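Before any comments, here is the structure.
Residue numbers (this note's numbering): 1 to 539.
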């Protein structure tokens with residue numbers, strides 16, 4: 001057969017059977033990547049660009065199918081393209097009148113609530129602004145006022161230290177058996193400062209164990225009168241001033257000014273001061289001070305604290321010298337009263353030397369610290385009615401020595417040291433309330449009450465009940481019982497003969513003579529000296 005197709009060329013050995021363009025030479029293998037179709041969906045590395053997503057053409061199914069131009073009727077699920085609607089969608093049906101009224105009412109209620117909230121926030125804002133103004137003013141006043149606030153523990157520790165040192169000094173120099181000369185001297189000169197401390201003063205002085213208690217009571221009386229002194233009375237011209245010993249040369253002028261400004265100063269021509277006086281006088285009984293009184297008391301103690309600080313600053317480097325200015329005179333006064341009762345045989349210069357001066361110096365510094373506080377710190381003595389014994393009050397007193405609980409007697413025979421009382425706070429509030437920080441130390445000796453040794457007249461009972469020194473009383477001559485003797489037969493007239501050493505019981509029960517009394521036959525001499533009476537609020 002004749003054909004037009006060429007004869008098949010035999011394939012070469014070890015070669016591909018593919019013949020390209022009539023050539024039987026082997027063809028290089030085709031790159032398999034060229035035959036693969038690139039699939040973007042399966043490529044984990046591929047990330048479409050932002051412009052590719054935006055510019056991707058929509059398919060026919062994505063095009064709008066209604067007459068509304070721009071409205072989206074469908075989209076491909078794979079493209080991820082979200083089309084924005086142009087223009088507001090038309091409601092299917094227009095709202096009715098009732099629906100509009102309801103919507104309007106809701107809007108009005110919401111507006112009303114918002115307005116109320118705005119008014120509430122405005123009021124709260126104004127309240128906070130007012131509080132901020134008051135706080136800022138108080139802070140400015142606090143910064144402008146020099147304050148030296150001291151913790152209560154400081155006053156407690158110093159007061160207890162004074163008690164301990166006075167007790168040790170009295171026990172060291174005045175306990176034990178008296179010598180014959182000392183006993184004679186003590187019996188000859190009994191000072192009224194000692195007899196006014198207790199109506200059982202004779203029993204305390206005779207007892208070797210209890211004599212130091214009476215000496216302690218006298219030292220604390222000196223501290224109250226001479227150092228923690230009252231400023232409610234104007235200093236008498238010609239008499240030495242008392243209190244504010246730390247003021248040195250300014251003592252008298254400061255005491256006069258304080259006595260005029262102190263709450264409780266009575267001035268009948270001013271109603272405000274009368275209210276202040278009544279408020280302070282009834283401080284323990286009223287629940288709250290009158291606003292006028294409260295404001296004045298607060299201003300007074302603030303002024304007193306600032307004045308004390310300025311006086312102390314003015315002293316400068318001479319502060320210690322100023323504080324010690326009045327100590328020698330106080331030591332001399334103590335020495336004159338209690339020196340006859342010293343028992344340890346030391347010289348008087350040693351007994352009334354550095355140890356006693358250190359005690360007085362400590363008290364002067366404590367008084368200065370009290371004056372620098374806006375709170376009112378002061379010593380207070382137990383109070384009882386005149387002519388009645390002082391009963392033991394466990395809330396304000398603590399017994400100095402151990403007593404027999406079965407004795408049945410609750411009478412206080414001697415007040416050894418006063419209580420430490422505080423009223424007000426460091427911020428100048430609450431002056432109507434008194435707080436007993438430390439109780440007063442008292443002595444209760446049922447044996448003295450049973451024996452009745454040294455039972456005094458009512459004036460001494462008053463001194464014992466209040467445990468305060470008495471002021472001098474008018475001079476009165478001692479009266480004695482008299483007997484009329486008939487004249488002898490010679491016709492001489494009757495003579496009035498007095499029996500020395502005896503007093504009329506009626507006169508004795510009324511008033512004790514305030515003059516120096518000397519009994520014939522080596523009796524006892526009582527020397528009185530003028531002292532002042534202390535009040536509860538006296539400072």
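By construction, the Cβ of each residue, glycine as well, lies at the ideal position given by its N, Cα and C atoms.
As the structure is a prediction and not an experimental result, all values here were calculated from the model.
{"query": "What's the gap between the Cα of residue 382 and the Cα of residue 120?", "result": "57 angstroms"}
{"query": "Taking all protein chains shown into account, decide if residue 179 is buried (16 or more other Cβ within 10 angstroms of its Cβ) or exposed.", "result": "exposed"}
{"query": "Does the separation of the CB atoms of residue 379 and residue 228 fall below 8 angstroms?", "result": "yes"}
{"query": "So, residue 309 versus residue 166, is the Cβ gap smaller than 8 angstroms?", "result": "no"}
{"query": "Cα separation between residue 202 and residue 314?", "result": "48 angstroms"}
{"query": "Considering only the alpha carbon of each residue, which of 215, 106 and 161 lies closest to residue 338?", "result": "215"}
{"query": "Name the DSSP beta bridge partners of residue 378, please?", "result": "421"}
{"query": "Considering only DSSP beta bridges, list what residue 398 is partnered with.", "result": "441"}
{"query": "Taking 8 angstroms as the threshold (C-beta atoms), are residue 392 and residue 419 in contact?", "result": "no"}
{"query": "Using beta-carbon positions only, say whether residue 342 and residue 351 come within less than 8 angstroms of one another.", "result": "yes"}
{"query": "Between which two residues does the alpha helix (DSSP H) harbouring residue 352 extend?", "result": "Neither: residue 352 is in no alpha helix (DSSP H) and is coded neither H nor E."}
{"query": "Taking residue 212 as the reference, give the member of 197, 332, 226 and 225 with the closest Cα.", "result": "197"}
{"query": "Let me know the secondary structure DSSP gives residue 194 once reduced to three states.", "result": "helix"}
{"query": "Given that a residue counts as buried once 16 or more other Cβ atoms are within 10 Å of its Cβ, and exposed if not, what is residue 249?", "result": "exposed"}
{"query": "Pick helix, strand or coil for residue 209, following the three-state DSSP scheme.", "result": "coil"}
{"query": "Measure the C-alpha to C-alpha separation of residue 259 and residue 356 and round it to an integer number of angstroms.", "result": "30 angstroms"}
{"query": "Would you tell me roughly how many angstroms separate the C-alpha atoms of residue 176 and residue 303, rounded to the nearest one?", "result": "49 angstroms"}
{"query": "From residue 353 to residue 137, what distance separates their C-alpha atoms?", "result": "52 angstroms"}
{"query": "Relative to the alpha-carbon of residue 305, which residue among 371, 130 and 206 has its alpha-carbon at the smallest distance?", "result": "371"}
{"query": "Secondary structure at residue 258, three-state DSSP: helix, strand or coil?", "result": "helix"}
{"query": "For residue 386, does the count of other Cβ atoms within 10 angstroms reach 16, so buried, or fall short, so exposed?", "result": "exposed"}
{"query": "Using CA coordinates, which residue listed in 154, 162, 299 and 429 is at the minimum distance from residue 361?", "result": "162"}
{"query": "Would residue 397 be called buried (16 or more neighbouring beta carbons within 10 Å of its own) or exposed?", "result": "buried"}
{"query": "Measuring only the C-alpha atoms, how far is residue 100 from residue 127?", "result": "41 angstroms"}
{"query": "Does DSSP put residue 346 in a helix, a strand or coil?", "result": "coil"}
{"query": "Residue 391 by DSSP, collapsed to three states: which one?", "result": "strand"}
{"query": "Taking DSSP as the reference, what is the three-state secondary structure of residue 150?", "result": "coil"}
{"query": "Does residue 413 come out as helix, strand or coil in the three-state DSSP assignment?", "result": "coil"}
{"query": "Could you check what DSSP says for residue 96 in three-state terms: helix, strand or coil?", "result": "coil"}
{"query": "Could you say which of 390, 434, 376 and 441 lies nearest to residue 400 if we only look at CA atoms?", "result": "441"}
{"query": "For residue 151, which residues of its own chain have a beta-carbon under 8 angstroms away from its beta-carbon, when the five flanking residues on both sides are left out?", "result": "none"}
{"query": "Got a sec: does the ligand COA put a non-hydrogen atom nearer than 7 angstroms to the Cβ of residue 148?", "result": "Questions concerning the ligand COA fall outside what the structure shown contains, since it holds no ligand whatsoever."}
{"query": "Using the beta-carbon count (16 or more within 10 Å), is residue 296 buried or exposed?", "result": "buried"}
{"query": "Sorted by chain position, which residues of the same chain lie with C-beta nearer than 6 angstroms to residue 326's C-beta, five sequence neighbours on each side aside?", "result": "245"}
{"query": "For a test of the three-state rule: what should DSSP assign to residue 326, helix, strand or coil?", "result": "coil"}
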